[in-house]
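Participant: Residue numbers (the UniProt record's numbering), protein chains in the order written: chain B, 1 to 328; chain L, 1 to 328; chain H, 1 to 328; chain D, 1 to 328. Don't be surprised by glycine CBs; every beta carbon is placed ideally from N, CA and C. Before I ask anything, here is the structure I am working with.
There are 4 protein chains.
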Amino acid sequence: MSLNIKKIGVLTSGGDSPGMNAAIRSVVRTCAFHNIECIGIYRGYQGMIEGDFKEMGPRSVNNIVNKGGTILKSARSVEFRTAEGRKKAYEKLTQAGIDAFVVIGGDGSFTGAEIFNKEYKFPVMGIPGTIDNDIYGTTHTLGYDTALNTVVEVIDKIRDTASSHNRLFFVEVMGRDAGHIALNAGIGAGAEEILIPEEDLGLERLLESLRKSKASGKSSSIVVVSEGDKIGKSVFELKDYVEEHMPEYDVRVSVLGHMQRGGSPSCFDRVLASRLGVKAVESILEGKSNYMVGIINDKIALTPLEQAIKGETEIDLELLRVSDIMTT
Amino acid sequence: MSLNIKKIGVLTSGGDSPGMNAAIRSVVRTCAFHNIECIGIYRGYQGMIEGDFKEMGPRSVNNIVNKGGTILKSARSVEFRTAEGRKKAYEKLTQAGIDAFVVIGGDGSFTGAEIFNKEYKFPVMGIPGTIDNDIYGTTHTLGYDTALNTVVEVIDKIRDTASSHNRLFFVEVMGRDAGHIALNAGIGAGAEEILIPEEDLGLERLLESLRKSKASGKSSSIVVVSEGDKIGKSVFELKDYVEEHMPEYDVRVSVLGHMQRGGSPSCFDRVLASRLGVKAVESILEGKSNYMVGIINDKIALTPLEQAIKGETEIDLELLRVSDIMTT
Amino acid sequence: MSLNIKKIGVLTSGGDSPGMNAAIRSVVRTCAFHNIECIGIYRGYQGMIEGDFKEMGPRSVNNIVNKGGTILKSARSVEFRTAEGRKKAYEKLTQAGIDAFVVIGGDGSFTGAEIFNKEYKFPVMGIPGTIDNDIYGTTHTLGYDTALNTVVEVIDKIRDTASSHNRLFFVEVMGRDAGHIALNAGIGAGAEEILIPEEDLGLERLLESLRKSKASGKSSSIVVVSEGDKIGKSVFELKDYVEEHMPEYDVRVSVLGHMQRGGSPSCFDRVLASRLGVKAVESILEGKSNYMVGIINDKIALTPLEQAIKGETEIDLELLRVSDIMTT
Amino acid sequence: MSLNIKKIGVLTSGGDSPGMNAAIRSVVRTCAFHNIECIGIYRGYQGMIEGDFKEMGPRSVNNIVNKGGTILKSARSVEFRTAEGRKKAYEKLTQAGIDAFVVIGGDGSFTGAEIFNKEYKFPVMGIPGTIDNDIYGTTHTLGYDTALNTVVEVIDKIRDTASSHNRLFFVEVMGRDAGHIALNAGIGAGAEEILIPEEDLGLERLLESLRKSKASGKSSSIVVVSEGDKIGKSVFELKDYVEEHMPEYDVRVSVLGHMQRGGSPSCFDRVLASRLGVKAVESILEGKSNYMVGIINDKIALTPLEQAIKGETEIDLELLRVSDIMTT
């Protein structure tokens, strides 16, 4: 245990995701377990710059393990991208006696932490919190599993009405530049076609696939479209395109949007958050810094923040085959 | 009991809604209970015209009481709006020995039934199935209660992310020309403002209301917008308008769409469906025709189809006051 | 408006139910709307006796409309049943300047309020909060609709496994001496038999009914048993009894228990809570006292507490017929 | 591809679990994809012995990916444990021209398959379907993830009422001789103590832990108890024991029971089922036999059935520490 660490800060930054509260709770209680003070930093890096701090004890985080959102609020801070902003943040942290911080967020939040660490030799530790699962060094980001369940539950509802009317639905899901949500939720929801950024098969293949589905006797079709897909048409344009080329289809569009970021976290995300929080705090206490705590092969693992930021996640190609076979 | 009725048809027509399957099940089993044959008519009036019929016994409707959608499929039929279409339908019904039918659907479906009844003296009975709750002669249409729960659950998720970021969301919900869903789900979800067709207070009032909400210290705002509202701007235009006038707000839009029509029905809708189905069949057997079976003051009640079609539902004005007070 | 009322207390008492938080929120915000102070009384009458009070403003009740349980906590107080206990409570209330209170609870809580009102001429108003729906003067108690949805969702899951194994399940649900939950959730879940206190048809009828169900080709059976039923055997004894008389059945038991009291309230319960809270506060301000605010025929209505306590709710006999027909 | 395999059977056996239907769908569609006939075998090995077979095409498994239970039904067969029973089964399979089968089930089902394979050199492949996650050779069994979500959602509801009344609840969960469900759902639900078969710390430690929880200011306590725990007392006896030693506690018991086996599968279980089904069929076509298809380190992997049966799963000891820290 490092004797130098007496006070650890914790913040959530960037887009929120289910499980962030469970991770905050874990960081706070692990600090308490090791008799370390814990300071909640509100509104991400902006709150750090403004010194928006609050001491947190184990009872501050009662009854939040199952709550969506983040009690510390989140924000994107333009100021923290400037040297002056980071200087202010450093001053506020040192004034408050904070020796290290744990940031729960995504790529952008880690980049900020990494630069800050380089500039001030300030111990930082990252926990990957985003529904998009697009962070290198962890097979699962916090909130991803919950978002998948939210998406399949919604598509199940859409399927009810789609199959009652023999309709085709384009359903747009989140995921930024990665197709993880689309691919997994698409398979889970039994989608007839899945459009992801990692694989652009073009419009012709889409029509073909829909014709095949129609010919096979299916009563409805769901096409899951990742927001980052490369097909070059919005879901609304896709609707027009398909209606023009396949007038026999009654096409509808559903853009799922921000509901995907909310909701009570799944058991997986709650347990993952608990594990990551423990490891983040204990790694700091062991003198480690500038790592992201992730999960690889069901084991908690550290990855240097620099790698986590630069590395790219990959789509499991096996899943593309599985998806194809499932639409037989 | 009418000795003339030996075979009753049942169909779902128009937009589908949760509880339609529970109503089909009730019609089928009530027929079986009274030793009447029951014929499922597929794809609404179009299937009637095409003779798309199938005999249904009590075991045909096992395990559907909790399923969204409609196992009989639904459709809108242009042909049934023509005299020739209805003639074909009449021929198919009589060829199949069907003596009466129960149609589960909304305004448009009832209009078709009413005309058909007038033309052919054919016994018909309507069950109000739509999430919009816009049918006269019943305080609740089938699926309305379920849709309200779907909407509040989704807005609860949106609220998680809205309050993590101090954001304003415009959430568009269904309801056609009626604000029932928006008003009730808006109150249920704790919306800061609700825009419904029945009350157009204008854009200025909206800004005022948002300013009041901001001033009162609220960390996020949800505005529920009925698809039929009269404010003269789409939710996307509302976003632009508010961002222009209140640049301090980060505004997002969510159009809930067709997920509102699907999903497993609530207990209320399942029980209501069971009651309506019993009454529809038994009313036919008592020699009644051309009525809608609805619920008024917690009692099952018949309303002439003609009135059900022409009558207008009204918004409970008390709820507008409640909504105002809740946003204190 | 009564000029004498400047401060209103609010408490939850007895067993908790979903929607209590929404009702607290409504009371607090309606007070704020009318510029009346509102005091939260913690832990029911026991907290009243101990002066466990806290001032509540409109922001004290942010983000609780969708939360189960009660932020004011609840308890049963033996002391409040004594004259001395009530004297202490009166002193604490007057010391705190509280002019009236709203109690959210059931029969027992109302009885306490009624006696207190008689003894001290203290203005009181009741809001019916219990999942059991066993209170006279309201067709729906707060939490009842949510509990029905909880029960049917759980039985849907049990049905999955029951029908996979051709099993019979006895499912015990709450409801105290009333069969409302069992009867409605039983119909909603498609139960093959429903045992309620209001109708004891005996063990022989149960066997008959199960034999009929088996003969009709059903692959599984669910029997919903109200905790207050009069059949004279526990669900565990029923299991033994049926296994002895119908050895072809593999029988299981599930006692749903307290999960029925928790969970996020349904839209119906949230709206009802909002309406009842408004009416409770405004009735006090109009000089009324000693009433329960309920809903009858979809309209908010006042019933003297005395009647609410003594009156009995009745089972809708029509539902028994519907249930019979549904098991055809 | 093996030229000898033209027809593959599929069955579900033993206790059912969510995701079995998704696995059946995957087996059926993978067969269709490879132009292999697929035969559904009803009611597990008993149906195999009785020749209860039905041909299945890709449309036979429409709309089941999200359904709990198993459309093929399941059963435990005493007869299949006898040599005569297996002989009958072999005859029925060969009469129907079935060349191999995929069995979805647990330990017992795999033992049957393994013996059958040895006796008749009949190609078999296992897919682990059980909520208990107690099978060697896979980090996740089908249905386990869904059951975890079901359990935490129910405990969330119980927590609502527990914390409203400052109560202690003993919640018994499934898991047979393994504590996976209890440990993970316990952490996920924020349980104050978790009793699992793998770690018996005795009654004294339980009291200590509850005293610590009380002292730390927690308003309620949830103790999750695995059905296989070794503490030597039932949950009902635990209630009595604690009430005797800690009379300040109002203790309640909830036995979750069979609802844990039902419900719509999580996205994870649906995707896992799809992947396992593809691999099972394709492994048979590659000439492999007598394996279980599982997932290890996020990759699909084969384990000889013999090992899968004999091997033991282990509790992740790290999770015990995490659980301890979380109750700080």
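Taking just the CA atoms, how far does residue 144(L) sit from residue 236(B)?
Facilitator: Cα-Cα distance, rounded: 28 Å.
Participant: Going by beta carbon distance, what residues of the same chain come within less than 8 Å of residue 326(H), once the five residues before and after it are set aside?
Facilitator: 187 and 190.
Participant: Name the residues in the stretch 259–273 of chain D whose C-beta lies less than 9 Å from a C-beta of chain B; which are they?
Facilitator: Hits within the stretch, in order: 264, 265, 266, 267, 268, 269, 270 and 271.
Participant: Is the beta carbon of residue 31(D) less than 9 Å from the beta carbon of residue 293(D)?
Facilitator: Contact: no.
Participant: Since residue 45(B) is in the alpha helix (DSSP H), which residue starts that stretch and which ends it?
Facilitator: From DSSP, the alpha helix (DSSP H) with residue 45(B) extends over 44–50.
Participant: Would you be able to state if there are at least three C-beta pairs under 8 Å between the stretch 76–96 of chain D and the stretch 299–310 of chain H?
Facilitator: Result no; under three Cβ-Cβ pairs closer than 8 Å.
Participant: Let's test the definition: count the other Cβ atoms within 10 Å of the Cβ of residue 317(L) and tell me whether it reaches 16, buried, or not, exposed.
Facilitator: So residue 317(L) ends up on the exposed side.
Participant: So that I know if they touch, is there some Cβ in chain A lying closer than 9 Å to that of residue 319(L)?
Facilitator: Reference to chain A is not applicable here, since the protein chains of this structure are B, L, H and D.
Participant: Would you please verify whether the beta carbon of residue 134(D) is less than 9 Å from any beta carbon of chain B?
Facilitator: It does not; no Cβ of chain B falls within 9 Å.
Participant: Look at residue 172(D) and residue 242(D) and say whether their C-beta atoms are less than 9 Å apart.
Facilitator: Cβ atoms of residue 172(D) and residue 242(D): not closer than 9 Å.
Participant: Run down chain D in chain order and give the residues with a C-beta less than 7 Å from the C-beta of residue 41(H).
Facilitator: Correct list: empty, because the minimum Cβ distance to chain D is about 14 Å.
Participant: Locate the alpha helix (DSSP H) running through residue 291(D), then write down its first and last residues.
Facilitator: Looking at the DSSP string, residue 291(D) is not in any alpha helix (DSSP H); the run it does join, the beta strand (DSSP E), is 291–296.
Participant: Express the C-alpha separation of residue 300(L) and residue 250(D) in angstroms, rounding to a whole number.
Facilitator: Distance between the alpha carbons of residue 250(D) and residue 300(L) is about 44 Å.
Participant: Taking 9 Å as the CB-CB limit, is residue 229(L) close to chain H?
Facilitator: By this cut-off, residue 229(L) is not an interface position.
Participant: Under the rule that 16 or more other beta-carbon atoms within 10 Å means buried, what is residue 229(D), buried or exposed?
Facilitator: So residue 229(D) counts as buried.
Participant: Hey, out of 50(L), 41(L) and 224(L), whose CA is closest to residue 185(L)'s CA?
Facilitator: Closest by alpha carbon: 224(L).
Participant: Note down, in chain order, all residues in the stretch 74–90 of chain B with a beta-carbon under 9 Å from any beta-carbon belonging to chain D.
Facilitator: Hits within the stretch: zero.
Participant: Figure out for me which residue from 119(B), 169(B), 290(B) and 148(B) has the closest Cα to the Cα of residue 271(D).
Facilitator: When each option's Cα is compared against that of residue 271(D), the closest is 148(B).
Participant: Quick one: which chain D residues come within Cβ less than 8 Å of residue 59(B)?
Facilitator: Within chain D, the residues near residue 59(B) are 216, 217 and 218.
Participant: Pull the bridge partners of residue 159(L) from the DSSP assignment, please.
Facilitator: For residue 159(L), which the question treats as bridged, DSSP gives no partner whatsoever.
Participant: By how many angstroms is the C-alpha of residue 222(L) removed from the C-alpha of residue 121(H)?
Facilitator: In a straight line, the C-alpha of residue 121(H) is about 43 Å away from that of residue 222(L).
Participant: Any beta carbon of chain L sitting closer than 9 Å to that of residue 315(H)?
Facilitator: So no, residue 315(H) is outside the interface.
Participant: Would you call the stretch 194–203 of chain L and the stretch 148–164 of chain L touching, i.e. three or more CB-CB distances under 8 Å?
Facilitator: No: fewer than three Cβ pairs fall under 8 Å.
Participant: In three-state DSSP terms, what is residue 201(D)?
Facilitator: Coil at residue 201(D), not helix or strand.
Participant: Residue 58(L): buried (16+ other C-beta within 10 angstroms of its C-beta) or exposed?
Facilitator: Residue 58(L) comes out buried.
Participant: In whole angstroms, what separates the C-alpha of residue 274(B) from that of residue 162(D)?
Facilitator: Going by the C-alpha atoms only, they are around 22 Å apart.
Participant: Taking 9 Å as the CB-CB cut-off, is residue 15(D) touching chain H?
Facilitator: Yes, residue 15(D) lies at the interface with chain H (some Cβ there is under 9 Å from its Cβ).
Participant: Can you find the residues in the same chain that come closer than 7 Å, C-beta to C-beta, to residue 29(B), ignoring five residues on each side of it along the sequence?
Facilitator: Same-chain partners within the cutoff: 58 and 61.
Participant: Rounded to whole angstroms, what is the Cα-Cα separation between residue 139(L) and residue 297(H)?
Facilitator: Near 10 Å, if we compare the C-alpha coordinates of residue 297(H) and residue 139(L).
Participant: Since residue 187(L) meets chain H, which of its residues come closer than 8 Å, beta carbon to beta carbon?
Facilitator: Neighbours of residue 187(L) on chain H, chain order: 270, 271 and 274.
Participant: Figure out for me which residue from 130(D), 16(D), 211(D) and 134(D) has the closest Cα to the Cα of residue 69(D).
Facilitator: For the residues 130(D), 16(D), 211(D) and 134(D), the minimum Cα distance to residue 69(D) belongs to 16(D).
Participant: Please list, in chain order, the residues of the stretch 141–165 of chain L that have any C-beta partner in chain B closer than 9 Å.
Facilitator: Cβ contacts with chain B come from 150, 153, 154, 155, 156, 157, 158, 159, 160, 161, 162, 163, 164 and 165.
Participant: Straight-line CA distance for residue 1(L) to residue 288(L)?
Facilitator: With a pLDDT of only 46 at residue 1(L), under the threshold of 50, the placement of this residue in the model should not be trusted, and no figure is reported.
Participant: Comparing the C-beta of residue 10(L) with each C-beta of chain B, is any distance below 9 Å?
Facilitator: No, its Cβ sits nowhere closer than 9 Å to a Cβ of chain B.
Participant: Please classify residue 215(H) as buried or exposed, where buried requires at least 16 other C-beta atoms within 10 Å of its C-beta.
Facilitator: With fewer than 16 Cβ atoms within 10 Å of its Cβ, residue 215(H) is classed as exposed.
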